[in-house]
Amino acid sequence: MGGRIRLLPDGVIDQIAAGEVVERPASLLKELLENAVDSSAGRIEAEIFGPFPFSIRVSDDGVGMTAEETEAAVRRHTTSKIASANDLQNLSTYGFRGEALPSIGSVSRLRILTRPHDRDSGSEVVVEGGKVRSVREAGTPRGTTVEVTNL
Numbered sequence: 001m002g003g004r005i006r007l008l009p010d011g012v013i014d015q016i017a018a019g020e021v022v023e024r025p026a027s028l029l030k031e032l033l034e035n036a037v038d039s040s041a042g043r044i045e046a047e048i049f050g051p052f053p054f055s056i057r058v059s060d061d062g063v064g065m066t067a068e069e070t071e072a073a074v075r076r077h078t079t080s081k082i083a084s085a086n087d088l089q090n091l092s093t094y095g096f097r098g099e100a101l102p103s104i105g106s107v108s109r110l111r112i113l114t115r116p117h118d119r120d121s122g123s124e125v126v127v128e129g130g131k132v133r134s135v136r137e138a139g140t141p142r143g144t145t146v147e148v149t150n151l
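Each step along the sequence shown adds one to the number in the numbering used here, with nothing skipped, and position 75 is 75.
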């Protein structure tokens, strides 16, 4: 399929980028577990449901996020780990690029329930096809639960 050079549609770009991060379901689970470890979690639970296409849920009791932080976390190149190129020399976390959640959200239905330790309530953010579909207040335990379906 040769031809003229052209700009790819955003959906195709997202799927190609997601393939770099989420090569297979095991790499998706790895990314979610590393996010949980990076959140200073003392407890992490991972669950896989059903036959293919299955669902994955990872829950932790880490620091949690506000609704605003969660909305930022599902956009490409947003991270709490680095602010400048100098920070790349001193990384002590698994994640830092700000690619995992946006990539997962571009090829699945991504639901994040989260609550920071200093808040009385949490939030739910749902992403499908790389777009935030809903943000709402939610009663949820402290920490974060990430559910991935329709992968």
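Glycine included, every Cβ here is placed at the ideal spot set by N, Cα and C.
Values in this document were obtained by computation on a predicted structure and should not be read as measured data.
Query	Result
Reduced DSSP category for Ile56 - H, G, I as helix; E, B as strand; rest coil	strand
Bridge-paired residues (DSSP) for Arg115	Gly143
For Ile104, three-class secondary structure by DSSP	helix
Per DSSP, cross-strand counterpart(s) of Val126	Arg111, Ser134
DSSP bridge partner residues for Ile44 (one or two, in chain order)	Asp60
Candidates Arg115, Val126, Ile48: closest to Leu28 by CA position	Ile48
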